[in-house]
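There are 2 protein chains.
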Amino acid sequence: MNDSAASVVRNPEDPAFWRERRVMITGGLGFIGSTLARRLAELGADVVVVDSLVPEYGGNIFNIQGFEGCIRVNISDIRDQHSLRALACDRELIFNLAGQTSHLDSMHDPLTDLSINGTAQLSLLEICRQNNPSVKIVFASTRQIYGRPQYLPVDEQHPLNPVDVNGINKLAGEFYHLLYNKVYGLRAAVLRLTNTYGPRMRIKDARQTFLGVWIRAVLEQRPIEVWGGEQLRDFTYVDDAVTALLHAAMNVRLEGQAFNLGGDGTVSLLKTAETLVAIGGGSFSVHEFPAERKRIDIGDYYADDRAFREVSGWRPKVSFEEGLRRTLEYYRHNLNHYL
Amino acid sequence: MNDSAASVVRNPEDPAFWRERRVMITGGLGFIGSTLARRLAELGADVVVVDSLVPEYGGNIFNIQGFEGCIRVNISDIRDQHSLRALACDRELIFNLAGQTSHLDSMHDPLTDLSINGTAQLSLLEICRQNNPSVKIVFASTRQIYGRPQYLPVDEQHPLNPVDVNGINKLAGEFYHLLYNKVYGLRAAVLRLTNTYGPRMRIKDARQTFLGVWIRAVLEQRPIEVWGGEQLRDFTYVDDAVTALLHAAMNVRLEGQAFNLGGDGTVSLLKTAETLVAIGGGSFSVHEFPAERKRIDIGDYYADDRAFREVSGWRPKVSFEEGLRRTLEYYRHNLNHYL
Chain W
1 MNDSAASVVR
11 NPEDPAFWRE
21 RRVMITGGLG
31 FIGSTLARRL
41 AELGADVVVV
51 DSLVPEYGGN
61 IFNIQGFEGC
71 IRVNISDIRD
81 QHSLRALACD
91 RELIFNLAGQ
101 TSHLDSMHDP
111 LTDLSINGTA
121 QLSLLEICRQ
131 NNPSVKIVFA
141 STRQIYGRPQ
151 YLPVDEQHPL
161 NPVDVNGINK
171 LAGEFYHLLY
181 NKVYGLRAAV
191 LRLTNTYGPR
201 MRIKDARQTF
211 LGVWIRAVLE
221 QRPIEVWGGE
231 QLRDFTYVDD
241 AVTALLHAAM
251 NVRLEGQAFN
261 LGGDGTVSLL
271 KTAETLVAIG
281 GGSFSVHEFP
291 AERKRIDIGD
301 YYADDRAFRE
311 VSGWRPKVSF
321 EEGLRRTLEY
331 YRHNLNHYL
Chain Y
340 MNDSAASVVR
350 NPEDPAFWRE
360 RRVMITGGLG
370 FIGSTLARRL
380 AELGADVVVV
390 DSLVPEYGGN
400 IFNIQGFEGC
410 IRVNISDIRD
420 QHSLRALACD
430 RELIFNLAGQ
440 TSHLDSMHDP
450 LTDLSINGTA
460 QLSLLEICRQ
470 NNPSVKIVFA
480 STRQIYGRPQ
490 YLPVDEQHPL
500 NPVDVNGINK
510 LAGEFYHLLY
520 NKVYGLRAAV
530 LRLTNTYGPR
540 MRIKDARQTF
550 LGVWIRAVLE
560 QRPIEVWGGE
570 QLRDFTYVDD
580 AVTALLHAAM
590 NVRLEGQAFN
600 LGGDGTVSLL
610 KTAETLVAIG
620 GGSFSVHEFP
630 AERKRIDIGD
640 YYADDRAFRE
650 VSGWRPKVSF
660 EEGLRRTLEY
670 YRHNLNHYL
């Protein structure tokens, strides 16, 4: 962070900003949502989490264990516009993290993906425009909107070319937020996330990232199955992602635009498996990529997130090794709540 | 057209291709859809038109007057998936032209726009994938997906940056078609249309293009109201657009990609008004742009459609003056059917 940037960047955990701040988190019992909810509760915010607890998605009531008294939980679906209208009307800030995240599910059931990632998003924006136009919204988008990278690292000017239904619908969801910011002054900031990982991530299956099932394999002392291996990825530790979301909420210079969020360098799938095994024990085997996944795979991906870093002063604080260590440690104690 | 291109380009009106060809046209009672239906009926195709006849959209049963015996009309909404499934299952070709086209309507009722331009499109593709995977689909997209041009003329590599809900949803609709082509081999071609005009266009209001209300003003001997005036546009005469759609249907080299379709040069709004008045009589007045439209206006736009011309050999045949002359002539005889 250079000095001139530092001078205008506010501490993202400034208690004066967060104390009693009325916040809603959609998808708030999910992996990132619940980590954010816990952080905000610690900072003194008035937090409502909204989650459908659809079993295939990431919501898990255990994720807010220990915070039951200071986080208000509302079980409802973001497709339920009546519920959302009632919940959103008095909020100052909405972290809009609810979504269908599985690329394969989006191909097998594209209309459900659209209803959640497209229609429900537009509906929430309409609710806010009509009932709470002074609210600020932070929307979690995804690298998936870029599709197969045409160059690396991928910056925000990269062509938008989603390669699955999920990517198309997330792109529409992102565009809606930016449009409502521009046309109606409904303040919105968009972060395009890459592979976020850490405690409370879904490890039951690969619906959030492949890393989840790898972590589970290590914990259950089964060999990790590496499909391909050469592909490069960047990972964001969940606490760093949450700090980035706090920046997006507070910093007016992040409004009306979409920013990439990356992590602490680049790592191949093979190297990921090696690191995981070095920390957690076990073994891995390497396999050829199955055809069904190959058709929608994007090859290497890593983000250029210099624009976000420049404006916010954000830097990742947790290295990949340290993040994996903390994640394995968490699941060693809590595995039974995630299977 | 250079010689090497000419040698591989088929006559888009080749009767051997079209005779008894089983075709469906969604939005087939609309402006472009009905003009296409009439042409295909003349070429001997087996034509089903599907149209909801929603009063605010372009459908008009009068548009196929004289062709009642050789065009099968099915009144249904593209959001009615049961109807679409039954109608689509035996078709060899679908011209998918149904859509909500009004930019202002898309802002006033964004969820309806999404249900028609997004959800119904994805649903139709799923129907075809499951029930008629050998069908070929030609999808009518729009310049609106580019938003405010960053350079001119706008080619297909121009950033995608829609400035209204309609543009976002049309972009998603386009992406779905290209994705299904790529992942499932469901053949699809996409044309991004600019301002199409001609006989049978909607002149009751500005829901299709501003040119409609101008034509009506000339016919009713009221002054044309020009908002702004300097903005440049390109126009495609409807018969030329229909020929382009026939190319898109026949030419395998147009599959799996989106192509711009432009017209016969560029013209300012002021020059458009002058030309119209020179041909049809009357007068015009120039006004400042209203704020609501300005927020979603895109400034100058004209397409670089060289890629489409190169692959197809298509060229516009009707000049802007001649097209306006034919249009005014049509409405002088049929105005009462369009008010």
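Chains as they are written, first to last, in our numbering: chain W, 1 to 339; chain Y, 340 to 678. Built from N, CA and C at the ideal position, the CB exists for glycine as well.
* At what residues does the alpha helix (DSSP H) containing residue 158 of chain W begin and finish? -> No alpha helix (DSSP H) holds residue 158 of chain W; DSSP gives it neither H nor E.
* What's the gap between the Cα of residue 676 of chain Y and the Cα of residue 401 of chain Y? -> 7 Å
* To do: Just tell me which of Y/484, Y/489, Y/446 and Y/433 has its CA closest to the CA of residue 463 of chain Y.
  => Y/433
* Asked: Which chain Y residues sit within Cβ distance under 7 Å of residue 175 of chain W?
  -> By Cβ distance, chain Y contributes 501 and 507.
* Could you tell me if residue 305 of chain W is buried or exposed, where buried requires 16 or more neighbouring beta carbons within 10 angstroms of its beta carbon? => Note on residue 305 of chain W: 16 or more other CB atoms within 10 angstroms of its CB, so buried under the neighbour-count rule.
* Taking Cβ positions, are residue 303 of chain W and residue 154 of chain W nearer each other than 8 Å? -> Contact: yes.
* Which one of Y/523, Y/513, Y/419 and Y/603 has the shortest CA to CA distance from residue 291 of chain W? -> Residue 291 of chain W has its Cα closest to that of Y/523, out of Y/523, Y/513, Y/419 and Y/603.
* Asked: What residues from the stretch 452-466 of chain Y come within 7 Å of chain W, judged by C-beta to C-beta, listed N to C?
  -> 453, 457, 458, 461, 462 and 465
* **Proximity winner among W/209, W/163, W/128 and W/230, relative to residue 187 of chain W (alpha-carbon distances)** => It is W/128 whose Cα lies nearest to the Cα of residue 187 of chain W.
* To do: Indicate whether residue 226 of chain W and residue 254 of chain W have their beta-carbon atoms separated by less than 8 Å.
  => no
* Asked: What are the complete alpha helix (DSSP H) segments, minimum 4 residues, inside the stretch 505-583 of chain Y?
  -> 549-558
* Asked: Quick one: which chain Y residues come within Cβ less than 8 Å of residue 111 of chain W?
  -> 458, 461, 462 and 465
* Quick one: using the 10 Å Cβ neighbour count with 16 as the cut-off for buried, is residue 460 of chain Y buried or exposed? => buried
* To do: Rounded to whole angstroms, what's the CA-CA distance from residue 356 of chain Y to residue 244 of chain W? Just pull it up for me.
  => 58 Å
* **Contiguous alpha helix (DSSP H) assignments of at least 4 residues, all confined to the stretch 240-292 of chain W** => 269-280
* Grab the span of the beta strand (DSSP E) containing residue 62 of chain W for me, first residue to last. => Where residue 62 of chain W is concerned, there is no enclosing beta strand (DSSP E), given that its DSSP letter is neither H nor E.
* To do: Classify residue 384 of chain Y as helix, strand or coil using the three-state DSSP reduction.
  => coil
* **Three-way DSSP call (helix, strand, coil) for residue 418 of chain Y in this model** => Residue 418 of chain Y falls in the coil class under three-state DSSP.
* Asked: Taking 8 Å as the CB-CB cut-off, is residue 599 of chain Y touching chain W?
  -> Among the residues facing chain W, residue 599 of chain Y is not included, as its CB has no counterpart in that chain under 8 Å away.
* Who are the near neighbours of residue 377 of chain Y in its chain, counting only those whose CB is closer than 7 Å to its CB and skipping five residues on each side? -> 403 and 406
* Asked: Is DSSP giving residue 134 of chain W helix, strand or coil here?
  -> coil
* **Proximal residues to residue 219 of chain W (C-beta, below 6 Å), its chain only, five neighbours per side dropped** => 331 and 335
* Apart from the five residues on each side of it in sequence, which residues of its chain come closer than 7 Å, Cβ to Cβ, to residue 163 of chain W? -> 147, 148, 296 and 298
* Asked: Who are the near neighbours of residue 351 of chain Y in its chain, counting only those whose CB is closer than 7 Å to its CB and skipping five residues on each side?
  -> 582, 585, 586 and 589
* To do: Note down, in chain order, every chain Y residue with its Cβ under 8 Å from the Cβ of residue 165 of chain W.
  => 461, 515 and 518
* **Same chain, Cβ closer than 6 Å to residue 106 of chain W, five either side skipped, listed in chain order** => 113, 164, 165 and 166
* Taking 8 Å as the CB-CB cut-off, is residue 172 of chain W touching chain Y? -> yes
* Asked: Would you call the stretch 69-77 of chain W and the stretch 41-58 of chain W touching, i.e. three or more CB-CB distances under 8 Å?
  -> yes
* Asked: Whole-angstrom Cβ separation of residue 261 of chain W and residue 308 of chain W, contact assumed at under 8 Å?
  -> So it is a contact: roughly 6 Å between Cβ atoms.
* Asked: Secondary structure at residue 116 of chain W, three-state DSSP: helix, strand or coil?
  -> helix
* Among W/161, W/316 and W/198, nearest to residue 595 of chain Y - alpha-carbon criterion -> W/161
* Could you please give the first and the last residue of the uninterrupted alpha helix (DSSP H) stretch that includes residue 650 of chain Y? => 645-651
* Are the beta-carbon atoms belonging to residue 546 of chain Y and residue 441 of chain Y less than 8 Å from one another? -> yes
* Asked: Can you tell which of Y/509, Y/573 and Y/365 has its C-alpha closest to the C-alpha of residue 435 of chain Y?
  -> Y/365
* To do: Below 8 Å on the Cβ atoms is my guess for residue 78 of chain W versus residue 87 of chain W; work out the distance and round it to an integer in Å.
  => Not a contact, Cβ separation roughly 10 Å.
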